[in-house]
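These notes concern the structure reproduced below.
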Amino acid sequence: MLNTLSLENLLFLDIETVPAVKDLGTLSDHMQRLWFEKFAKIEPDSKDPSFGYSNKAGIYAEFGKIVCISAGYFYSAGEQKKFRIKSFFEEDEADLLKSFLDSTVQFAKKIPGFTFCGHNIKEFDIPYICRRTMINGLDLPEPFQLYGKKPWEVSMVDTLHLWRFGDHKNYTSLDLMATVLNIPTPKDDINGSKVAEVYWGEHDLPRIAAYCQKDVLTVARLLLRFKQIPLLTEENVEIVS
Numbered sequence: 008m009l010n011t012l013s014l015e016n017l018l019f020l021d022i023e024t025v026p027a028v029k030d031l032g033t034l035s036d037h038m039q040r041l042w043f044e045k046f047a048k049i050e051p052d053s054k055d056p057s058f059g060y061s062n063k064a065g066i067y068a069e070f071g072k073i074v075c076i077s078a079g080y081f082y083s084a085g086e087q088k089k090f091r092i093k094s095f096f097e098e099d100e101a102d103l104l105k106s107f108l109d110s111t112v113q114f115a116k117k118i119p120g121f122t123f124c125g126h127n128i129k130e131f132d133i134p135y136i137c138r139r140t141m142i143n144g145l146d147l148p149e150p151f152q153l154y155g156k157k158p159w160e161v162s163m164v165d166t167l168h169l170w171r172f173g174d175h176k177n178y179t180s181l182d183l184m185a186t187v188l189n190i191p192t193p194k195d196d197i198n199g200s201k202v203a204e205v206y207w208g209e210h211d212l213p214r215i216a217a218y219c220q221k222d223v224l225t226v227a228r229l230l231l232r233f234k235q236i237p238l239l240t241e242e243n244v245e246i247v248s
């Protein structure tokens, strides 16, 4: 499967997001009203929009923000295939995005026509990055200029879609896919549901980055499994600052 897909043409990525402010009461009155409207549509039976903000706001670019982006790519070192990961994390989201977007532009110069790769990046990571970039008043570089493109013109490899095999009703988490396909995953002290708690409670960005990097590596290993290539060993994984 995916025999014609070149691993070295892929840029793997994953993002971690949190509510834009610590609690609902910190929002402006107008933004609070907009959240009440949003929450009433997504959780019509819930009576607690404040709790909903803490748990749901981070998944919406209008009410959340990015606190970490991890990116990775394959490269050859002699006869060995290696994988390099770099994380971008800052308290200032605009600085984080600018650093990541600048690095993406440099990667595009090195690998023209590269393809983004990740889990659920078509519906989540890529649109979220684009929206937060606009909200922060930054320019979208060419790889993220997706407006007006037809679906087949958008160059992405999404492991969620690969696993659907045409079943568009299906959603499978990265953790479940990795488990059933026997992909080893590093043990972490947090999961996706705890990122906001760690960020707003401890502001421990390196801890969040370590978790984000794990997901990038897991997706890379999934691609190797799809292509029936031996999985990466820890010795062939490089994390750079």
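With our numbering applied, the sequence shown corresponds to residues 8 to 248, in that order.
The beta-carbon is built from N, C-alpha and C at its ideal position, and this holds for glycine as well.
- Message: DSSP three-state label for Pro134, please.
- Response: Looking at Pro134 - three-state DSSP - the assignment turns out to be helix.
- Query: According to DSSP, which residues form a beta bridge with Cys75?
  - Reply: Looking at the DSSP output, Cys75 bridges to Glu23.
- Message: With three or more beta-carbon pairs closer than 8 Å as the criterion, would you say the segment 226-244 touches the segment 9-16?
- Response: Yes, they touch.
- Tell me which same chain residues have a C-beta within less than 6 Å of the C-beta of Phe46, skipping the five on either side of it? Pro56 and Gly59.
- Query: Tell me which same chain residues have a C-beta within less than 7 Å of the C-beta of Glu100, skipping the five on either side of it?
  - Reply: Excluding positions up to five away in sequence, the list reads Lys72, Ile73, Arg139 and Asn143.
- Taking the CB atoms as reference points, tell me whether Leu103 and Leu145 lie closer together than 8 Å. If you check the CB distance, Leu103 and Leu145 do not come in under 8 Å.
- Query: Span of the alpha helix (DSSP H) holding Gly59?
  - Reply: Where Gly59 is concerned, the enclosing alpha helix (DSSP H) starts and stops at Pro56 to Lys63.
- Grab the span of the alpha helix (DSSP H) containing Gln39 for me, first residue to last. Gln39 -> alpha helix (DSSP H) spans Asp36 to Ile49.
- Message: Would Ser61 and Cys219 be called neighbours here (beta carbons separated by less than 8 Å)?
- Response: Against a cut-off of 8 Å, the Cβ pair of Cys219 and Ser61 comes out as no contact.
- In the segment 148-229, which residue ranges form an unbroken beta strand (DSSP E) of at least 3 residues, counting only runs that do not cross its ends? Under the rule that a run must span 3 or more residues, the beta strand (DSSP E) segments found entirely inside the segment 148-229 read 163-165.
- Cα-Cα separation, Glu245 to Ser83: Answer to the nearest angstrom: the Cα atoms are 12 Å apart.
- Message: Please classify Met141 as buried or exposed, where buried requires at least 16 other C-beta atoms within 10 Å of its C-beta.
- Response: Met141 comes out exposed.
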